[in-house]
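Mapped onto the numbering used here, the consecutive letters of the sequence shown carry residue numbers 6 to 274.
We treat Cβ as the ideally placed atom computed from N, Cα and C, and that holds for glycine.
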Amino acid sequence: MSANQHTPRVLIFDSGVGSLSIGAAIHDLLPEIDLLYVMDHGGFPYGEWPEALLTEHICATVCRVLATHKVDLLVMACNSASTAVLPALRSQITIPVVGVVPAIKPAAALSQSGVIGLLATPGTVSRPYTAQLIQDFAAHCHIIAVGSPELAPAVENFIWHEHALDAVLSRVKTAFSQHTDFSAMDTIILACTHFPLVQPQLSVLLPNINWVDSGQAIARRVAFLMGELGLAETPGKPARQSAIILGEEPASANLAQYLQARNIKISAD
Numbered sequence: 006m007s008a009n010q011h012t013p014r015v016l017i018f019d020s021g022v023g024s025l026s027i028g029a030a031i032h033d034l035l036p037e038i039d040l041l042y043v044m045d046h047g048g049f050p051y052g053e054w055p056e057a058l059l060t061e062h063i064c065a066t067v068c069r070v071l072a073t074h075k076v077d078l079l080v081m082a083c084n085s086a087s088t089a090v091l092p093a094l095r096s097q098i099t100i101p102v103v104g105v106v107p108a109i110k111p112a113a114a115l116s117q118s119g120v121i122g123l124l125a126t127p128g129t130v131s132r133p134y135t136a137q138l139i140q141d142f143a144a145h146c147h148i149i150a151v152g153s154p155e156l157a158p159a160v161e162n163f164i165w166h167e168h169a170l171d172a173v174l175s176r177v178k179t180a181f182s183q184h185t186d187f188s189a190m191d192t193i194i195l196a197c198t199h200f201p202l203v204q205p206q207l208s209v210l211l212p213n214i215n216w217v218d219s220g221q222a223i224a225r226r227v228a229f230l231m232g233e234l235g236l237a238e239t240p241g242k243p244a245r246q247s248a249i250i251l252g253e254e255p256a257s258a259n260l261a262q263y264l265q266a267r268n269i270k271i272s273a274d
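This is the structure:
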């Protein structure tokens, strides 16, 4: 690589480990682009914040990170934050911002039965934005919506401390199975970026399901914008992946091991 050749770098921002599911999809499609994960563990979970305070907090935090880390594009890897914060954030920074929304359109195209599960946080389930997506892209489908207040924290604790998930996952299955059309459900949308990290465990409890999340669509959007910016991957150059953990709690040994297994290095803020 010449001294003047710029290596593209994407910042993936979330309140916790949900950034890892989006980053994995981006890395699969663009393996030679550098990725910087920012995990705002001290602010987790974003779904419980009042919208005005969340907007102020995220804008200030992102601006602080960008003051010391050069990146070309930012992915807001959180459904709750994407639906609330993006207009204000885009007005304060100069790089492109990609948000995450529930993958309702691809799920509607994939489902054969027309009965689709939506697994999300309660906030995402209740947001008018989600209802509008369903109206626009899945009005012909029956959506079984489950808003779990405990699954995202359980996934966070599973990655950080290897806490057991079985009881929480069992309650998720029960919530779906209580619906009369449960037996016809053939597709589930994972509408929180934490949830794809435990899709293998969910698949055991809910077999024969098409699992849909936003990761691949976000990766394709990042690739498109990189092209628009005139930024190309550096052929043959291994990507550098690093993570910044925000908050008072230092990264746990379990989290460090999880990141190391994925070639992600923990960096100082």
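- Take the alpha-carbon of leucine 124 and the one of valine 130: they are about 8 Å apart.
- Around the beta-carbon of tyrosine 134, fewer than 16 other beta-carbon atoms lie within 10 Å, marking it exposed.
- Annotated as distal: threonine 60 and alanine 108, with beta-carbon spacing of 8 Å or more.
- Distance check between isoleucine 149 and each of Gln140, Ile249, Val120 and Pro243 places Val120 closest, using alpha-carbon atoms only.
- Collapsing the DSSP output to three states places glycine 122 in a strand.
- The distance from the Cβ of serine 257 to that of histidine 166 is about 6 Å, consistent with a contact at the 8 Å cut-off.
- Within the segment 182 to 223, the complete alpha helix (DSSP H) runs of at least 4 residues fall at 204 to 210.
- If you look at leucine 94, you'll find it in the alpha helix (DSSP H) that goes 84 to 97.
- Between threonine 185 and alanine 112, the CB-CB gap reaches or exceeds 8 Å.
- The criterion of a C-beta distance shorter than 8 Å is satisfied by leucine 174 and leucine 207.
- Assignment of leucine 115 by DSSP, reduced to helix, strand and coil, places it in the helix class.
- Taking a 10 Å sphere around the C-beta of glutamate 161, we find 16 or more other C-beta atoms and assign the residue as buried.
- Less than 8 Å divides the Cβ of valine 43 from the Cβ of leucine 251.
- If you look at histidine 147, you'll find it isn't in any alpha helix (DSSP H); it sits in the beta strand (DSSP E) that goes 147 to 152.
- Each residue's CA atom was taken as its position, placing leucine 41 and valine 76 some 8 Å apart.
- Comparing alpha carbon positions, the residue from Leu210, Val177, Val209 and Ile214 closest to alanine 189 is Ile214.
- In the structure shown, isoleucine 38 adopts coil according to DSSP, grouped into three states.
- Pairwise C-beta distances place the segment 226 to 237 out of contact with the segment 47 to 65, as fewer than three of them are shorter than 8 Å.
- With respect to aspartate 171, serine 26 sits apart: the two C-beta atoms are not nearer than 8 Å.
- In its chain, beyond the 5 residues on either side, Phe142 have a beta carbon closer than 7 Å to the beta carbon of lysine 110.
- Pairing arginine 14 with lysine 242, the inter-Cα distance amounts to about 13 Å.
- Between isoleucine 17 and valine 80, the C-beta spacing is below 8 Å.
- Nearest Cα to isoleucine 164 within the set Gln265, Leu58, His62 and Ile139: Gln265.
- Within the segment 22 to 77, the complete alpha helix (DSSP H) runs of at least 4 residues fall at 24 to 34 and 56 to 71.
- Per the DSSP secondary-structure output, arginine 14 pairs in a beta bridge with Asp39.
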